[in-house]
Each structure stands twice: as C-alpha cells, then as structure tokens.
Amino acid sequence: MEHWKRRTWLNLVDEGATELYAHIDWSVHEDAGTLKNTTEDKVRRRFIQWTKDHIEEEDWLGTPRFQACVSITQDSIQSVLEGPPAEKFDADGEGMVDLISIDEDQGMTFAGVSYLLPGHYSLLEIGWEHIAADPDEGEGKSG
Numbered sequence: 005m006e007h008w009k010r011r012t013w014l015n016l017v018d019e020g021a022t023e024l025y026a027h028i029d030w031s032v033h034e035d036a037g038t039l040k041n042t043t044e045d046k047v048r049r050r051f052i053q054w055t056k057d058h059i060e061e062e063d064w065l066g067t068p069r070f071q072a073c074v075s076i077t078q079d080s081i082q083s084v085l086e087g088p089p090a091e092k093f094d095a096d097g098e099g100m101v102d103l104i105s106i107d108e109d110q111g112m113t114f115a116g117v118s119y120l121l122p123g124h125y126s127l128l129e130i131g132w133e134h135i136a137a138d139p140d141e142g143e144g145k146s147g
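Numbering-wise (the numbering used here), the sequence shown opens with residue 5 and increments by one.
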C-alpha cells in the first residue's frame with residue numbers, strides 16, 4: 005500500500021496536481037478470512053455492496069470511484085515487490101494489480117500500479133474499453 009501511495013504522490017507531482025492527494029480516500033477492505041483465495045465475482049459483489057452503503061455520496065455515483073475497484077492478490081504483491089521501486093515510474097507495468105469493473109460484462113483487467121492514479125482513474129470516465137485488456141489473451145497488461 006505504501007508503494008502505491010508513494011507512486012500516486014509522485015504521479016501527482018508530475019501532473020502538477022498534488023492538491024488532489026489529500027482528497028484520495030484509500031478505502032481498504034482487509035479480511036483474510038473472507039477474502040483469502042476469493043474470486044473476481046466475490047470481490048465485485050463486495051464492491052457493489054460498498055457502493056450501496058455509500059449512497060449518501062450519490063454525487064459521486066457516476067464517477068470512476070464507483071466503477072471499479074482494485075483487488076490485491078498475493079501474486080499482485082509479488083509482482084509489485086519484484087518490479088521497480090515506487091520512486092521509478094514502472095513504464096512496463098511489471099507491478100500489476102487486478103482492476104475489477106462493477107459491470108460483470110466488463111470483467112477485470114490487469115493494471116500497472118504506476119498507471120492507476122491519476123492515469124487509469126481519469127480514463128475510466130471516458131470508458132473501460134480504453135484501459136481494459138482481456139486477461140485471457142497474453143499477459144493482459146494495460147498502461
């Protein structure tokens with residue numbers, strides 16, 4: 005998580021948008037008993053419930069924040085640890101996480117940690133298809 009936060013900060017520095025960092029809600033759901041060896045569908049259902057629980061934030065409902073969630077698996081952690089440090093932009097997307105769409109038809113894609121914020125987040129607004137890669141085709145890297 006610290007890697008992702010540091011990389012996000014550096015991305016915002018590069019974009020000249022550091023004022024946005026204070027507004028990022030790092031909503032993390034950790035539950036080893038429930039989430040260990042979980043499936044994409046289970047993560048999606050929890051995310052859908054989370055969006056329903058935050059209905060008071062309805063002004064945000066159409067925004068990327070409510071369109072996809074990040075799922076961190078042991079494989080994700082390993083890829084991030086084996087990839088470049090947070091201080092180096094990971095242009096090749098070696099450090100990957102699962103980006104799961106709230107829309108089951110859109111499924112999930114792999115996303116490089118260096119590309120998540122603000123990159124992929126801002127692209128979600130114009131459409132999932134601009135960043136999604138079919139994980140069943142090749143390595144499914146995006147970025």
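Note that the Cβ used here is the ideal one computed from N, Cα and C, for glycine as well.
Query                                                                                                                                                                      : Result
Any C-beta of chain D sitting closer than 9 Å to the C-beta of T77?                                                                                                        : Structure shown: chain D not included; a single protein chain is present.
Keeping to the same chain, check which residues put their C-beta closer than 8 Å to that of I106; ignore five residues upstream and five downstream.                       : R48, F51, I52, T55, F70, Q71, A72, C73
Whole-angstrom Cβ separation of G157 and Y119, contact assumed at under 8 Å?                                                                                               : An answer regarding residue 157 cannot be provided, because it is not within the stretch 5 to 147 covered by the chain.
Does the separation of the CB atoms of A90 and D102 fall below 9 Å?                                                                                                        : no
How close, in whole Å, do the beta carbons of M100 and S75 come, if the pair is a contact with beta carbons under 8 Å?                                                     : M100 to S75, Cβ: 11 Å. No contact.
Return the first residue and the last residue of the beta strand (DSSP E) that D102 is part of.                                                                            : 100-105
Closest to A95 by C-alpha separation, out of N15, E6, K9, D35, would be which residue?                                                                                     : N15
Between which two residues does the alpha helix (DSSP H) holding T55 run?                                                                                                  : 44-57
Do W30 and K46 count as a contact pair if the criterion is CB distance below 9 Å?                                                                                          : no
From K92 to G111, what distance separates their C-alpha atoms?                                                                                                             : 29 Å
Give me, in chain order, the residues of the same chain whose beta-carbon lies closer than 6 Å to that of H7; leave out the 5 immediate sequence neighbours on both sides. : V84, A90
Could you give the distance in angstroms between the alpha-carbon of V17 and the alpha-carbon of K40?                                                                      : 35 Å
Would I104 and E34 qualify as a contact pair, given that the criterion is a beta-carbon distance under 9 Å?                                                                : no
When you compare each of E19, T12, G37 to H28 by their alpha carbons, which one comes out closest?                                                                         : First, the amino acid is wrong: residue 28 is Ile here, not His. Ranking E19, T12, G37 by Cα distance to I28 puts T12 first.
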